[in-house]
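In UniProt numbering, the protein residues as written are 1 to 279.
Structure, rendered in structure tokens:
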């Protein structure tokens, strides 16, 4: 059995619960107490903290329910040791909304490390050793195969999955993507922002600017462009990106009518130009 729980916090608009804000910041002095006190009387970072506090409370309730499903104080019916919990975010923090991804570069929506590296925690008592840190890249797509197996679900014959079962590597500490090329792409205005990683090196391009190469193991802030000394790597990655782009399906919807109009006007997705490498 699999369940998904999607907390909407922390996310803009930043609106912490009043009781949480008061409990977390008891010394806060209202600027306009005559109108009452709520999230509008606190700063962005304070609201961010309060929303994260609410998420923590929600996760704790889920764990309590696993340890004592009928909440009668008797944990003999606990299913905690039979349950794998994976906690992760779908994107990083937005700097303009009190997020802080330092030392990683950039934020939500970017294909720099500050946009694609997100927190992930896994808990499975008796199976995963507490406190273990896994230093290798894992994507959300990689959990599909394992979740299917744990749920006794089968993947249809001939169906090609974007992710891979990384479970054995998670337990042994090996890099599941040591020889794989990983892709990230964001449609950005009239162009695209793309990142292509293989090993510790990552090729990056925004819009139709120059390609850059970063060693994201030694230089997580992506300050040092290594494109000149890694020309062959860059050529290989751009070629792989061009092939990968042929498998992508155009978006079937847009956030706004203006977004749809921009897509048509700019003749998107313009992959051919995105994955070009000028001499």
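Note that CB positions come from ideal geometry on N, CA and C, so glycine has one too.
If you follow the beta strand (DSSP E) that residue i is part of, which residue opens it and which one closes it?
i	result
residue 259	Careful: residue 259 lies outside any beta strand (DSSP E), inside the alpha helix (DSSP H) at 257-265.
residue 196	191-198
Ordered along the chain, which non-local residues of its own chain (more than five positions away) have a Cβ less than 6 angstroms from that of residue i?
i	result
residue 21	42, 50
residue 11	none
Along the alpha helix (DSSP H) that carries residue i, what are the first and last residues, could you check?
i	result
residue 144	143-150
residue 48	44-67
residue 1	From DSSP, residue 1 is part of no alpha helix (DSSP H); its letter is neither H nor E.
residue 115	113-116
residue 273	271-274
residue 169	167-172
residue 18	18-24
Taking the straight line between their C-alpha atoms, what separation do you get for residue i and residue j?
i	j	result
residue 233	residue 205	14 angstroms
residue 198	residue 68	44 angstroms
residue 150	residue 1	8 angstroms
residue 62	residue 122	14 angstroms
residue 134	residue 229	29 angstroms
residue 220	residue 160	32 angstroms
residue 30	residue 37	7 angstroms
residue 224	residue 182	21 angstroms
residue 169	residue 264	43 angstroms
residue 167	residue 25	41 angstroms
residue 110	residue 189	13 angstroms
residue 196	residue 270	17 angstroms
residue 242	residue 119	30 angstroms
residue 128	residue 66	17 angstroms
residue 85	residue 215	31 angstroms
residue 100	residue 52	14 angstroms
residue 40	residue 28	13 angstroms
residue 97	residue 250	29 angstroms
residue 155	residue 45	43 angstroms
residue 268	residue 136	33 angstroms
residue 92	residue 254	21 angstroms
residue 14	residue 8	11 angstroms
residue 213	residue 113	12 angstroms
residue 55	residue 16	11 angstroms
residue 184	residue 72	47 angstroms
residue 236	residue 23	54 angstroms
residue 147	residue 18	37 angstroms
List the residues that DSSP assigns as beta-bridge partners of residue i.
i	result
residue 212	204
residue 87	121
residue 181	198
Quick check on DSSP: helix, strand or coil for residue i?
i	result
residue 238	helix
residue 186	strand
residue 132	coil
residue 244	helix
residue 102	coil
residue 14	coil
residue 70	coil
residue 154	coil
residue 232	helix
residue 96	helix
residue 40	helix
residue 76	helix
residue 29	coil
residue 82	helix
residue 227	coil
residue 9	coil
residue 221	coil
Residues in its own chain within less than 7 angstroms of residue i by CB, not counting five upstream and five downstream?
i	result
residue 164	142, 145, 176
residue 162	141
residue 186	109, 111, 192, 193
residue 275	238, 241, 242, 245
residue 94	12, 107, 108
If I measure Cβ to Cβ from residue i and keep anything under 8 angstroms in the same chain, skipping five residues before and after, which residues do I get?
i	result
residue 211	203, 204, 205, 227, 234, 238, 277
residue 125	80, 81
residue 90	118, 140
residue 78	66, 67, 68, 69
residue 218	200
residue 47	14, 15, 16, 21, 39, 98
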